[in-house]
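Input: a single structure, listed below in structure tokens.
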Amino acid sequence: MSGHNVWTHKGTFLLAAVGSAVGLGNLWRFPYLTGENGGGAFILIYALTIFAVGIPIFIAETMLGRTSRQSPIMGMRHLTKTHKTSRAWESIGWLGAAAAFLILSFYSVIAGWALHYTWLMLTGSLVGADATTISAGFVALLASPGLMTLYHTLFIAFSALIVGLGIHKGIESGLRIMMPALFAILIVVLIYGVINGDVGAAANFLFTFNIADLSLEGWLQAMGQSFFTLSLGMGAIMAYGAYMSSEASLTRTAIAVAFVDTAIAMVAGLAIFSLVFGAGLETDQGPGLMFVTLPLAFADMPFGALVGGVFFILVLGAAISSSISLIEPVAAFLVERFDMTRPQAVTIMVVAAWAMGLLTVVSFNVWAEGTIFHALFERSAFEFIELLTNIFMPLGGLMIALFAGWALTQSEVMKELGTNITWFKTWRLLVRFVGPAAVSFVFLRTIPQVEGYVVPTLGALLIVGVFALSQRLRKSA
Ligand code: PFF
């Protein structure tokens, strides 16, 4: 297929997938979710879901990419033909592309905040600042559409540059430099946290298991996070899988990605909470944990400005290595479908996502209330876009699991998986039943009106429904 070659080395997919997986989800979302949901119990559920749902769906998604060797949309079209299934499954590709586009639009704005804080840290502007000053600074950033647009533009343009250079010269080379640097920085920040902070309290907080902390909401958040953090359900992993060496093991690679991703989230959590506890600050500040609490911790510590600056560079790098994986599926589609050059395709995707991102920018200030989004959906444009992606992501994952587990010709799937029959059957059980059941719960949680017993009932109905549908959609083997 034109434009579709293979990564340089057998292990490059692992590097690329880790690059995609490790991002704001690990450094920003995981710590604050753990903080809000009481620590160890949350991590246990998170780890369980990664294992029982995340890894099997990761394997399925990579497999779809690798067998089709095309971008998600074209790849799904190809698979529905070769496996003689319903064309309706092609929607997996479209849903993924839409989700990637929407996520990129706001991911870039939030990553832009990290750019702002890198600058503030390295110029020493926050040294010795108190809590009021730092909170006011964050509020002022959110109140400034101009500044936010500037950072958003810089971030997305840099990501576009990398993808525009192609999968070898751009993505591979970029990741080869970025990823080891990110690991090194994370270790430096951890050591700094251990020396200057309170690592004992952090470890206690993260790893102490308290059954009373296990709320249903926490369960669902943990499941949603396991999806987001592995970049599942939106074609990113499928697009990268299209370039994966046929010799690499799908199962081993998936386990390795999940392991590294989880380890990084834990190390980041340990480092961040060491600093937070060391400075005697609150753990449950939600999204502000990274942009208010941490700067405050750095403001008071020896070499805080320098280490804080380096920390925000880590956040930026991790966000870039994820955002490029959001550009790739759509760009590759435009190249394949319309014969565009890569720079053209990347430009179209990125300019559109940039424009969409402006909606997120204004959602924090001039359009913070009273817009059509508030009237129709009772939320800002940003919150609405986020809600959409929260629906698309699990839905995409659910459909990928069903397509791989039910619709594809299973003898082919087994060949592609290249494992023994016991693992194949276990994997299939997970993608056929366990994954769809778990995902249905995550999915239903995003519908705010649904509560109490209605959730499990609807969940069960949905599972039966999709099961029946997947049987119908499977025309012949
Ligand atoms: N996995 C990324 C993170 O944890 O920050 C977020 C992400 C990247 C989600 C790419 C989806 C995706 F396709």
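For what it's worth, my numbering labels the leading residue of the sequence shown as 3, then goes sequentially.
Just so you know, even glycine gets a beta-carbon here, dropped at the ideal spot from N, CA and C.
- Judged by DSSP in its simplified three-state form, V190 adopts helix.
- Here W221 carries a helix assignment [DSSP, helix/strand/coil].
- In the structure shown, T125 adopts coil according to DSSP, grouped into three states.
- Every residue with a CB closer than 6 Å to a heavy atom of the ligand PFF is listed here in chain order: S22, A23, G25, L26, G27, N28, A102, I105, F230, T231, S233, M236, A238, S324, S327 and L328.
- Closest option to R71, judged by alpha-carbon separation, among P331, S175 and T411: P331.
- I239 and S22 do touch by the CB rule: their CB atoms are close to 7 Å apart, below 8 Å.
- In terms of CA proximity to F366, V111 leads the group V111, N212 and A18.
- With a cutoff of 9 Å on beta-carbon distance, F157 and I387 are scored as not near each other.
- For Q346, the uninterrupted alpha helix (DSSP H) run begins and ends at R344 to S365, by DSSP.
- In terms of Cα proximity to Y242, the closest of Q223, S325 and T264 is S325.
- In the DSSP assignment, I239 falls within the alpha helix (DSSP H) that extends over A238 to G243.
- For M292, there is no enclosing alpha helix (DSSP H), as DSSP gives it neither H nor E.
- Contact annotation: the stretch 312-321 does not touch the stretch 78-88, with fewer than three C-beta pairs closer than 8 Å.
- Where M76 is concerned, the enclosing alpha helix (DSSP H) starts and stops at P74 to T84.
- In terms of Cβ geometry, L143 and H118 form a close pair [threshold 9 Å].
- Here DSSP, grouped into helix, strand and coil, assigns G282 to coil.
- Per the C-alpha coordinates, the member of A113, I179 and M181 positioned closest to L152 is A113.
- Leaving aside the five residues that flank L336 on each side, the residues in its chain whose CB is nearer than 8 Å to its CB run, in chain order, M342, Q346, A347, I350 and M351.
- Sorting A299, L128, L46 and M246 by C-alpha distance to the C-alpha of T10 places M246 at the top.
- At the C-beta level, T391 and I105 come within 9 Å of one another.
- When V364, Y48, R339 and M395 are compared, the shortest CA-CA separation from G77 is found for R339.
- Per DSSP, T135 is one residue of the alpha helix (DSSP H) stretching across A133 to L144.
- When the five nearest sequence neighbours on each side are left out, the beta carbons in the same chain lying within less than 8 Å of the beta carbon of L184 are those of V24, L316, G319, A320 and S323, in order along the chain.
- Contact between the stretch 286-293 and the stretch 29-40 is established, with three or more Cβ pairs separated by less than 8 Å.
- The beta carbons of V129 and A334 sit about 45 Å from each other, so the pair does not count as a contact at 8 Å.
- Rounded to whole angstroms, L252 and F379 show a C-alpha spacing of 41 Å.
- Cβ-Cβ separation between T362 and A383: approximately 7 Å, consistent with a contact (criterion under 8 Å).
- The C-alpha of I189 is placed about 31 Å away from the C-alpha of G237.
- Spatial neighbours of A49 in its own chain (CB-CB distance under 8 Å, excluding positions within 5 residues in sequence) are listed in chain order as T264.
- F15 has its alpha-carbon roughly 40 Å from the corresponding atom of S137.
- Scanning G437, V196, A19 and I47 for the CA closest to the CA of F279 turns up V196.
- Proximity to M181 across L122, V262 and Q227 peaks at V262, based on C-alpha coordinates.
- Contact between F275 and G42 fails: their C-beta atoms lie close to 12 Å from each other, not under 8 Å.
- The beta-carbon distance between L296 and L272, rounded to whole angstroms, is 14 Å. This is too long to meet the 8 Å contact definition.
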